[in-house]
Structures are given as structure tokens and as C-alpha cells.
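Numbering (this note's numbering), first residue to last: 2 to 111. Glycine included, each C-beta is placed from N, C-alpha and C at the ideal position. Okay, structure first, notes after.
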């Protein structure tokens, strides 16, 4: 299940990291990666139950974002802000395509 609110918060965290450009921000980046992995797992489950080219393409995009995010977050030295920006933009576009799915799985507000 995708936690849309958590993923929106992850995008906000990436925006903050990109604005502040710190050298270290690994704990927050781990939260972003968790969101991306939940998106990927959701897409894998959907593809297994209802295969389609659209799901294959979305899964490919999710895997690319995870790779870009990992390489931008855990380089040999410091953060690679350009890669984080690329990953952030790709993540936002994936979330936009998942919006109908994510709304169905969104926790209800108290």
C-alpha cells in the first residue's frame, strides 16, 4: 500500500534538501527511498494481478528513480544535488500517475 501523505512529505523533504543543499541528509533520504520502494512494490503487485504495458512502463520508471535517488544520495563524497533534483522530479511524476490508486489506499484523516 502506498502512503500518499508520507510520499508527499518525502517530496517536501527533497525540496528542502535541494533548497538548502546540505552535505549530509541521509536519514531523510532513507525515508524517500522507503516511499519509492513502496511505490515499486505496489506496482509489482498490480502487474502480477493485471499485467499491462502501462504498468511495466511505470515500474521501469520507479526502478530508475530508485537508482538515481540512491546514486545521488550515497555517493563517495557528499550529496549529488543534481541527481536528487532529477529523482525528485521523476518521483513527483510517478506519484501523479498513481494518484487514483494512491487515493484508494490513503489513510483516512482523524
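| Check | Outcome |
| --- | --- |
| Beta-carbon contacts of residue 93 that lie in its chain and below 8 angstroms, excluding the five residues immediately before and after | 12 |
| Start-to-end residues for the alpha helix (DSSP H) that takes in residue 9 | 5 to 21 |
| Cα-Cα separation between residue 88 and residue 7, rounded to whole angstroms | 16 angstroms |
| C-alpha gap between residue 64 and residue 85, whole angstroms | 15 angstroms |
| Proximity of residue 37 and residue 3 at Cβ, strictly below 7 angstroms | no |
| 7 angstroms Cβ cutoff met for residue 33 and residue 15 | yes |
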